[in-house]
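For reference, the structure is listed below as structure tokens.
In our numbering, the protein residues as written are 31 to 147.
What follows is the structure in structure tokens.
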């Protein structure tokens with residue numbers, strides 16, 4: 031395991047997102063007080079940055095460019111235009127910090143292509 035402390039929990043309010051650069055760009059999402067998710071930050075439709083998207087009440091994230099929607103637990107796209115899932119990574123809260131393990135991908139999604147811009 032290669033857990034990395036990526037942010038202090040108090041840097042991320044409930045319902046907020048932030049970009050973290052590890053070996054891949056990661057979008058951290060704090061859903062609730064004790065629930066933070068870590069997903070790849072690149073939309074599988076046209077490589078837009080997901081941390082600029084909109085969090086929905088049903089724990090999904092909508093891409094800011096073309097409204098692709100992703101389940102934050104599974105990474106699966108919900109409807110079109112995206113048809114490929116986004117990678118979801120192991121994430122935990124410990125001692126007031128948010129930790130991510132890039133070696134523990136929780137689904138079998140391919141790493142999205144890097145953004146063109």
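Each residue gets a CB set at the ideal place from its N, CA and C atoms; glycine is no exception.
| Asked | Found |
| --- | --- |
| Contact under 7 Å by Cβ, residue 108 with residue 70 | no |
| Beta-carbon spacing of residue 37, residue 110 below 7 Å | no |
| Contacts around residue 99, its chain only, beta-carbon distance under 8 Å, and the 5 residues preceding and following it disregarded | 86, 90, 91, 92, 93, 107, 108, 109, 112 |
| Three-state secondary structure (DSSP) of residue 77 | coil |
| Where residue 52 falls: helix, strand or coil (DSSP) | coil |
| Reduced DSSP secondary structure (H/G/I, E/B, other) of residue 86 | coil |
| Start-to-end residues for the beta strand (DSSP E) that takes in residue 101 | 99 to 101 |
| Whole-angstrom C-beta distance between residue 78 and residue 141, which should lie under 8 Å | Not a contact, Cβ separation roughly 15 Å. |
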